[in-house]
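Visitor:
There are 2 protein chains.
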Amino acid sequence: MSITTEPRPAVALREGAFGPARELVCRECGTTRPLGPHYACHECFGPLEIGYDFGPVTREQIESGPANIWRYKALLPVPDDIESSPNLEPGFTRLLQAHNLGRELGIANLWVKDDSTNPTNSFKDRVVACALSAAREFGSRVFACPSTGNLANAVAAAGARAGIRTVVFIPSDLETPKQVNSAVFTENLVAVDGTYDDVNKLASEIAGEEDGWAFVNVNVRPFYAEGSKTLGYEIAEQLGWRLPDQIVIPVASGSQLTKVHKAFQELIALGLVEDKPYRVFGAQAEGCSPVATAFAAGVDAIRPVKPDTIAKSLAIGNPADGVYVLDIARQTGGTVEQVSDDEIRAGIVLLARTEGIFTETAGGTTVATLKKLVDTGVLDPALETVVINTGHGLKTLDAVSGRVGPVATIAPTYDAFAASGIA
Amino acid sequence: MSITTEPRPAVALREGAFGPARELVCRECGTTRPLGPHYACHECFGPLEIGYDFGPVTREQIESGPANIWRYKALLPVPDDIESSPNLEPGFTRLLQAHNLGRELGIANLWVKDDSTNPTNSFKDRVVACALSAAREFGSRVFACPSTGNLANAVAAAGARAGIRTVVFIPSDLETPKQVNSAVFTENLVAVDGTYDDVNKLASEIAGEEDGWAFVNVNVRPFYAEGSKTLGYEIAEQLGWRLPDQIVIPVASGSQLTKVHKAFQELIALGLVEDKPYRVFGAQAEGCSPVATAFAAGVDAIRPVKPDTIAKSLAIGNPADGVYVLDIARQTGGTVEQVSDDEIRAGIVLLARTEGIFTETAGGTTVATLKKLVDTGVLDPALETVVINTGHGLKTLDAVSGRVGPVATIAPTYDAFAASGIA
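If you read the protein sequences in the order shown, they are chains G and U. If you're matching positions, the first sequence starts at 1 in full-length UniProt numbering and goes up one per residue. If you're matching positions, the second sequence starts at 1 in full-length UniProt numbering and goes up one per residue.
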């Protein structure tokens, strides 16, 4: 794949197509270029990010918006009329005060940001909604992604609702239930004989060769990634326009963690919340912990790993934003921690039995990490803490199916019940 | 089970324990009795319903409430401080304008009320939240249900969050994934060697024998059932305080349909919406269609059936509220229609591919019924129509797993992609 063959927008961009976004900025060297379906700096190959020119934004303006991520449209690379384009309208998910889990872990003031109630039941609906807007503005014919799970569901569903052709690439050995979760939404689920890395590589090649294809996490990635900022905005607004003291966030590519931090910084800069210190903690699975390992070793370089964990949605062995995660954790006085698959399973059951939330393995990882951070005295249990649940346990049932089940099997009679000791 | 052994409240009821609710009223003979954990009339054994004495209720009062069912607390049998008791806070789910599905079916103005985004992904969270409040006010020690699916999930999760002991009874041959969906929330999943009817009968026996047990759909059923009214309130409010012209609702016990109608009538009586005619349509699966069959035959008596359909959450062979469903459909100029399992599967895929919503078999039944009603000229495609999606397709994956899948399998190379014709 060569940078020079990056596709151009299929149409001239309309005025205000990206709202307050002004340009693409290289995160490494600061070189800028006009907004377009690009993801790598033409000078240094560094990752491109959106540069903004925010006008004045008030709490009232946001609060009068819809109960979805578009209430923050003045802070996103989307047009002012975004609400009139059909999309899944994700976000503004509940921030739940977790008294029971807090009591169990010994944390006085704990909140769960529950993204499992998004339209396709994960935070990916947020990023995909922003990618969809970009694809539309670029005149893309096809909305696509390589994925094995949440991202595939979100792309296929959002594309269906928007009436744009979707193509979703998966490894051909993906389990049937996971295939169904996406195939129900799209006619074009394409099985690729290879590993997930092979599928990813193919997606990059197609993005480089084909005009009119928007790969959400490839050529429109800078727009896509901004969707994660809305998690940070919502947490602050739902706390009453206030930042938490501590926040625990799962780390796959690391993008979500960096964007939540960016959101907090933007809110401070815009005067929407008071400036205050907060600590950012990253959560990884032991079977895929390149960032946690680098953090523990005190080094900057992240050594890629071959993932082997039940937390498939966190299984990115060479995380693109890993170094930025290290920076943020160190700057804010946080850490990046890792937990075992068994701790992840226990985390899923713990959250379900205390707060009635069934989380996927990524959420189990985050809850287990929270527990470990308290148990080891790293996280201050007296401070206000938020933990993010990124997805739904119905998509990773196997993780706990050997761990929970009937407490007893009885005959269908009252006598059998009375004798069982359950009463 | 004898009526005389119905359990009494474990505690004296506190003032305002049930908000505007005043008494229990027999739906058959009109006999009243004081509020309590009772479900059958002591005179005629008819079903008991809540009788209210509503004060003045304004749109503003409702709109200033929380974004969940408690915004309608002035119309429910719950205390005024209900929001301070931990619960799953269900409801205020999205009402989605379904342009794509409407175009596909030829309906000008179509909406989907999407209850799959509730905390445990079905409308059961609404009824269980009301049952939980009643159980709390009655001083119940145990929160319980017999179920095979959505209800079990909702009870186990709500009880966990509320910190009350839950016991969930299931048939012992229930598939493992469905067991996991509930067992993750409760330590007390009890497998019963018998059919679902056996499990139900056992639940009624336990409810009759044990003090302090609140079976949501047995002895606190009158309170539980009122939760479905919130679907009707929300639809009217989300349409801008207006009733739709036509509404399609799935029929299991028939309770949901009767309560949505009741909600519309209450809103009219309270002056919250304008009085206008609307038609109510019921949806059943051919494999369990006692109400649709009675409707088609023009008779009042409903002949019980032995269910045999993929729509398990609608598989109630002897629906308690069937006769009331017939009444309402006839009074309002609606019908009760039935569709085949194949039509149900097609309905699931149709909704997913047009609106990005993955519904369970019950929702597939409703969408397929909507299509049939248009195709046969029974439903007027020029009138504003609402269709209710009651639950999530992730819980009934098997229904479509043979029907959707990869369109192609390719080698992991750009050449293979280019040759595939997908571009």
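By construction, the Cβ of each residue, glycine as well, lies at the ideal position given by its N, Cα and C atoms.
So, does the segment 329–340 of chain U touch the segment 272–282 of chain U, judging by three or more C-beta pairs under 8 Å?
Guide: Flag = yes, the segment 329–340 of chain U and the segment 272–282 of chain U touch.
Visitor: Could you please tell me which residues of the segment 201–212 of chain U, in chain order, have their CB closer than 8 Å to any CB of chain G?
Guide: Within the segment 201–212 of chain U, the residues whose Cβ lies closer than 8 Å to some Cβ of chain G are 201, 202, 205, 206, 209, 210, listed in chain order.
Visitor: Classify residue 3 of chain G as buried or exposed, calling it buried when 16 or more other Cβ atoms lie within 10 Å of its own Cβ.
Guide: Position 3 of the first sequence, counting from 1, holds the residue named residue 3 of chain G. Caution applies to residue 3 of chain G, whose pLDDT of 45 falls short of 50 and renders its modelled position unreliable; the model cannot decide the point.
Visitor: Run through chain G and tell me which residues come within less than 8 Å of residue 177 of chain U, C-beta to C-beta.
Guide: Indexing the second sequence from 1 puts residue 177 of chain U at position 177. Residues of chain G passing the Cβ test: 397, 401.
Visitor: Output the distance between the C-alpha atoms of residue 409 of chain G and residue 175 of chain U, rounded to the nearest integer angstrom.
Guide: Against the first sequence, residue 409 of chain G aligns to sequence position 409. Against the second sequence, residue 175 of chain U aligns to sequence position 175. Straight-line Cα distance between these residues: approximately 14 Å.
Visitor: Inspect the beta-carbon positions of residue 154 of chain U and residue 128 of chain U and report whether they are closer than 8 Å.
Guide: Counting from 1 along the second sequence, the entry for residue 154 of chain U is found at position 154. Counting from 1 along the second sequence, the entry for residue 128 of chain U is found at position 128. Contact: yes.
Visitor: Pair every Cβ in the segment 301–321 of chain G with every Cβ in the segment 348–366 of chain G, then say whether three or more of these pairs are closer than 8 Å.
Guide: With the cut-off at 8 Å, the segment 301–321 of chain G and the segment 348–366 of chain G touch.
Visitor: Counting only beta-carbon atoms, is residue 361 of chain U nearer than 8 Å to chain G?
Guide: Walking along the second sequence from the start, residue 361 of chain U turns up at place 361. False, the Cβ-Cβ gap to chain G never drops below 8 Å.
Visitor: Say whether the segment 157–174 of chain G touches the segment 238–257 of chain G, bearing in mind that this needs 3 or more beta-carbon pairs closer than 8 Å, one atom from each stretch.
Guide: The segment 157–174 of chain G is not in contact with the segment 238–257 of chain G.
Visitor: In chain order, what residues of the segment 137–156 of chain G put their CB closer than 7 Å to some CB of chain U?
Guide: Within the segment 137–156 of chain G, no residue qualifies.
Visitor: At the level of alpha carbons, what is the spacing between residue 213 of chain G and residue 137 of chain G?
Guide: Numbered from 1 along the first sequence, position 213 holds the residue referred to as residue 213 of chain G. Numbered from 1 along the first sequence, position 137 holds the residue referred to as residue 137 of chain G. Looking at the two C-alpha atoms, the distance is approximately 12 Å.
Visitor: Can you give the Cα-Cα distance for residue 314 of chain G and residue 285 of chain G, rounded to whole angstroms?
Guide: Here residue 314 of chain G refers to the residue found at position 314 of the first sequence. Here residue 285 of chain G refers to the residue found at position 285 of the first sequence. C-alpha separation (whole angstroms): 8 Å.
Visitor: Alpha carbons only, please: which of U/355, U/171, U/289, U/384 is nearest the one belonging to residue 440 of chain U?
Guide: This structure leaves residue 440 of chain U out entirely; chain U is present only between 1 and 423.
Visitor: DSSP three-state call for residue 172 of chain G: helix, strand or coil?
Guide: Position 172 of the first sequence, counted from the start, is the residue given in the question as residue 172 of chain G. Three-state result, residue 172 of chain G: coil.
Visitor: As an exercise, report each continuous alpha helix (DSSP H) stretch of at least 4 residues that is fully enclosed by the segment 331–418 of chain G, in chain order.
Guide: Here the runs fully enclosed are 341–355, 361–375, 398–401.
Visitor: Mind checking who residue 47 of chain G pairs with in its DSSP beta bridge?
Guide: Within the first sequence, numbered from 1, the residue matching residue 47 of chain G stands at position 47. Note: residue 47 of chain G sits in a beta bridge opposite G/40.
Visitor: Determine, using beta carbons only, whether residue 173 of chain U comes closer than 8 Å to chain G.
Guide: Position 173 of the second sequence holds residue 173 of chain U. Taking Cβ atoms only, chain G never reaches closer than 8 Å to residue 173 of chain U, which makes this a no.
Visitor: Checking 8 Å against the spacing of the C-beta atoms, do residue 146 of chain U and residue 199 of chain U come in under that value?
Guide: For the purposes of this step, residue 146 of chain U is taken as residue 146 along the second sequence, with counting starting at 1. For the purposes of this step, residue 199 of chain U is taken as residue 199 along the second sequence, with counting starting at 1. In contact: residue 146 of chain U and residue 199 of chain U (Cβ atoms closer than 8 Å).
Visitor: Determine the chain G residues that contact residue 233 of chain U at a beta-carbon separation under 9 Å, and present them in chain order.
Guide: In the second sequence, the residue the question calls residue 233 of chain U occupies position 233. Neighbours of residue 233 of chain U on chain G: none; closest Cβ ~17 Å, over 9 Å.
Visitor: If we count the other Cβ atoms within 10 Å of its Cβ and call it buried at 16 or more, is residue 304 of chain G buried or exposed?
Guide: Looking up residue 304 of chain G in the first sequence gives position 304. Counting Cβ neighbours within 10 Å, residue 304 of chain G comes out exposed, since fewer than 16 surround it.
Visitor: According to DSSP, what are the bridge partners of residue 13 of chain U?
Guide: Counting from 1 along the second sequence, the entry for residue 13 of chain U is found at position 13. The partner list for residue 13 of chain U (beta bridge, DSSP) is empty, contrary to what the question assumes.
Visitor: Can you pull the chain G residues whose beta carbon is under 7 Å from the beta carbon of residue 132 of chain U, in chain order?
Guide: Taking the second sequence and counting its residues from 1, the one referred to as residue 132 of chain U is at position 132. Here the premise fails: no neighbours, minimum Cβ distance about 11 Å.
Visitor: Beta-carbon of residue 105 of chain G versus every beta-carbon of chain U: anything under 8 Å?
Guide: The count along the first sequence starts at 1 and reaches residue 105 of chain G at position 105. Not one chain U Cβ lies under 8 Å of residue 105 of chain G.
Visitor: Does DSSP classify residue 115 of chain G as helix, strand or coil?
Guide: Taking the first residue of the first sequence as position 1, residue 115 of chain G is located at position 115. It is helical.
Visitor: Since residue 279 of chain G is in the beta strand (DSSP E), which residue starts that stretch and which ends it?
Guide: For the purposes of this step, residue 279 of chain G is identified with residue 279 of the first sequence, where counting begins at 1. Where residue 279 of chain G is concerned, the enclosing beta strand (DSSP E) stretches over 279–285.
Visitor: Out of G/184, G/390, G/382, G/376, state which residue places its alpha-carbon closest to the alpha-carbon of residue 406 of chain U.
Guide: Start at 1 with the first residue of the second sequence, and residue 406 of chain U comes out as number 406. Checking every option, the nearest Cα to that of residue 406 of chain U belongs to G/184.
Visitor: Give a yes or no on whether 8 Å exceeds the smallest Cβ distance from residue 368 of chain G to chain U.
Guide: Along the first sequence, read from residue 1 onward, the residue named residue 368 of chain G stands at position 368. Chain U, which has no Cβ nearer than 8 Å to the Cβ of residue 368 of chain G, makes this no.
Visitor: Residue 166 of chain G bridges to which residues according to DSSP?
Guide: By 1-based counting over the first sequence, the position of residue 166 of chain G is 166. Per DSSP, G/143.
Visitor: Considering only their Cβ atoms, is the gap separating residue 232 of chain U from residue 269 of chain U smaller than 8 Å?
Guide: Numbered from 1 along the second sequence, position 269 holds the residue referred to as residue 269 of chain U. Numbered from 1 along the second sequence, position 232 holds the residue referred to as residue 232 of chain U. Not a contact, by the Cβ cut-off of 8 Å.
Visitor: Could you give the distance in angstroms between the alpha-carbon of residue 18 of chain G and the alpha-carbon of residue 51 of chain G?
Guide: By 1-based counting over the first sequence, the position of residue 18 of chain G is 18. By 1-based counting over the first sequence, the position of residue 51 of chain G is 51. Each residue's Cα considered, the two are about 11 Å apart.
Visitor: Residues of the segment 183–198 of chain G in Cβ contact with chain U at a cutoff of 7 Å, in chain order, please.
Guide: For the segment 183–198 of chain G, which is checked against every Cβ of chain U, the residues closer than 7 Å are 183, 184, 185, 187, 188, 189, 190, 191, 192, 193, 194, 198.
Visitor: Does the beta-carbon of residue 203 of chain G have 16 or more other beta-carbons within 10 angstroms, so that it is buried, or is it exposed?
Guide: Indexing the first sequence from 1 puts residue 203 of chain G at position 203. Residue 203 of chain G comes out buried.
Visitor: Report yes or no: is there a C-beta of chain U within less than 8 Å of the C-beta of residue 407 of chain G?
Guide: Locating residue 407 of chain G in the first sequence gives position 407, where the first residue counts as 1. Yes, its Cβ sits closer than 8 Å to a Cβ of chain U.
Visitor: Against chain G, with Cβ distances strictly below 8 Å, would residue 66 of chain U count as a contact?
Guide: Walking along the second sequence from the start, residue 66 of chain U turns up at place 66. Answer no: the Cβ-Cβ gap between residue 66 of chain U and chain G never drops below 8 Å.
Visitor: Which residue comes first and which comes last in the beta strand (DSSP E) that contains residue 24 of chain G?
Guide: The residue given as residue 24 of chain G occupies position 24 in the first sequence. Taken as a continuous stretch (DSSP letters only), the beta strand (DSSP E) holding residue 24 of chain G covers 21–26.
Visitor: Anyone know if the C-beta pair for residue 302 of chain U and residue 322 of chain U falls short of 8 Å?
Guide: What you label residue 302 of chain U is simply residue 302 of the second sequence in a count that begins at 1. What you label residue 322 of chain U is simply residue 322 of the second sequence in a count that begins at 1. Yes.
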